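Residue numbers (the numbering used here): 271 to 338.
What follows is one structure encoded as structure tokens, with my remarks underneath.
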């Protein structure tokens, strides 16, 4: 039970971090794109990087120490 609570806290921290990253990225990217300073090719590459970052950050939870 104690291990489950620790894992739940780690999951919530990861979710919050991913949400902060995604929100901040989208705010910045939308402003830059709306100003016409970002071409579509770079915008697509940046979005792919953002998605890769979120997935990679979430996959860190696989290294959470498992106990029997």
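Just so it is clear, CB atoms sit at the ideal spot from N, CA and C, and this is done for glycine as well.
Fair warning: this is a prediction, and the values are worked out from it, not measured in the lab.
ask   = Just how far apart, CA to CA, sit residue 305 and residue 299?
value = Sequence index remark: in the chain shown, residue 305 carries index 35 (1-based). Sequence index remark: in the chain shown, residue 299 carries index 29 (1-based). So the alpha carbons of these two residues sit roughly 10 Å apart.
query = Can at least three beta-carbon pairs, one atom from the region 326-337 and one from the region 279-296, be found at a separation below 8 Å?
reply = yes
query = For residue 293, which of 317, 271 and 280 has the nearest alpha-carbon?
reply = Residue numbering aside, residue 293 sits at position 23 when the chain shown is read from its first letter. Closest option to residue 293, Cα to Cα, is 317.
ask   = Thinking just about the alpha-carbon of each residue, which of 326, 337, 277 and 336 is nearest to the one in residue 291?
value = As a first step, residue 291 must be located in the chain shown, where it is residue number 21. Taking residue 291 as reference, the option from 326, 337, 277 and 336 with the minimal CA-CA separation is 326.
task = In angstroms with no decimal places, state the Cα-to-Cα distance between residue 315 and residue 271.
result = Reading the chain shown from its first residue, position 45 is the one you call residue 315. Reading the chain shown from its first residue, position 1 is the one you call residue 271. The alpha-carbon atoms of residue 315 and residue 271 are separated by roughly 42 Å.
message = Can you find the residues in the same chain that come closer than 6 Å, C-beta to C-beta, to residue 273, ignoring five residues on each side of it along the sequence?
response = Within the chain shown, numbered from 1, the residue matching residue 273 stands at position 3. These residues qualify, in order along the chain: 337.
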